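Numbering (the UniProt record's numbering), first residue to last: 1 to 257. All C-beta atoms, glycine included, are put in the ideal place defined by N, C-alpha and C. Given the structure is predicted, the values throughout are model-derived calculations rather than measurements. Remarks on the structure that follows.
Right, dumping it as structure tokens:
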């Protein structure tokens, strides 16, 4: 799953920290306004879903606040409270009970999990997972499944931490519903780091994902931009420091065995 070149540079001296990048496999044509903000093509996804809702959200943002700048950074001097209320209304169906039935193809969740399990079997074990936007939802879904499986087997998961950029909440394993803290509770009990875009059009997704994680083990880092991977060294250094901290915890645990 993609991450920042700046983060890779910050961690370049840490030879014990390595990443494996799992690319999406579903070719997708994003809306024109979003395509202008992305690198590529190809534009690859993990999940099969209807992108028309993105147009609705974007058009509302365009009418209320003007065109976002590059990387979906919002225009300055907006009414944050009012914008959050409007975003909550627009994204209600996206993160509500109608999400799976109207937008997402449930089978694609199972395919994504199988794809990642094959990578884990071939290249793992992995001690952390990173996800960006849709990838964060897939990563969170993988973690919930893994945590529940390990609990049933009375085993310890290999995953010790998770890093989510401008994320979205986990889905049920069968892809039939989106998970909510009010019904599912805090289902991710490992340390997590959440990169939030202060002007992210889709910030509600990050908020919902954060609620699914153990609040005592969650670190939130706010990026001044929008729905993007942070491009400033300061934010990336904070993320790198958090990763190094998780590495130290893992080493201490292995030494104590």
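Count the other CB atoms, across all protein chains shown, that sit within 10 Å of the CB of residue i; report buried if there are 16 or more and exposed otherwise.
i: residue 227; result: buried
i: residue 62; result: exposed
i: residue 110; result: exposed
i: residue 16; result: exposed
i: residue 251; result: exposed
i: residue 207; result: buried
i: residue 155; result: exposed
i: residue 7; result: buried
i: residue 240; result: buried
Measure the Cβ-Cβ separation of residue i and residue j and say whether it is below 8 Å.
i: residue 136; j: residue 157; result: no
i: residue 105; j: residue 45; result: no
i: residue 166; j: residue 132; result: yes
i: residue 263; j: residue 179; result: Residue 263 lies beyond the residue range present for the chain, which begins at 1 and ends at 257; the question has no answer from this structure.
i: residue 20; j: residue 123; result: yes
i: residue 14; j: residue 244; result: yes
i: residue 152; j: residue 209; result: no
Excluding the five sequence neighbours on either side, which residues of its own chain have a C-beta within less than 8 Å of the C-beta of residue i, listed in chain order?
i: residue 108; result: 26, 46, 47, 48, 49, 175
i: residue 31; result: 51, 54, 55, 58
Which two residues bound the contiguous beta strand (DSSP E) that contains residue i?
i: residue 213; result: Neither: residue 213 is in no beta strand (DSSP E) and is coded neither H nor E.
i: residue 131; result: 128–132
i: residue 163; result: 161–165
i: residue 197; result: 192–197
Just to confirm the assignment, what range does the alpha helix (DSSP H) spanning residue i have?
i: residue 5; result: 5–10
i: residue 256; result: 233–256
CB-CB under 6 Å to residue i, same chain, minus the five flanking residues each way: which ones, in chain order?
i: residue 198; result: 222, 224
i: residue 214; result: 186, 189
i: residue 144; result: 170, 187
i: residue 43; result: 28, 30
Enumerate in chain order the residues of its own chain whose CB-to-CB distance from residue i is below 7 Å, with the five nearest sequence positions on each side excluded.
i: residue 112; result: 46, 47, 138
i: residue 146; result: 157, 159
i: residue 235; result: 221, 223
i: residue 237; result: 10
At least one CB of chain C closer than 8 Å to the CB of residue i: is that the case?
i: residue 49; result: Within the model displayed, chain C is absent; a lone protein chain is all it includes.
| Would you call the stretch 192–204 and the stretch 171–181 touching, i.e. three or more CB-CB distances under 8 Å? | no
| Are the stretch 210–228 and the stretch 184–194 in contact at 8 Å, needing three or more beta carbon pairs? | yes
| Is the number of C-beta pairs between the stretch 180–188 and the stretch 115–122 that are closer than 8 Å three or more? | no
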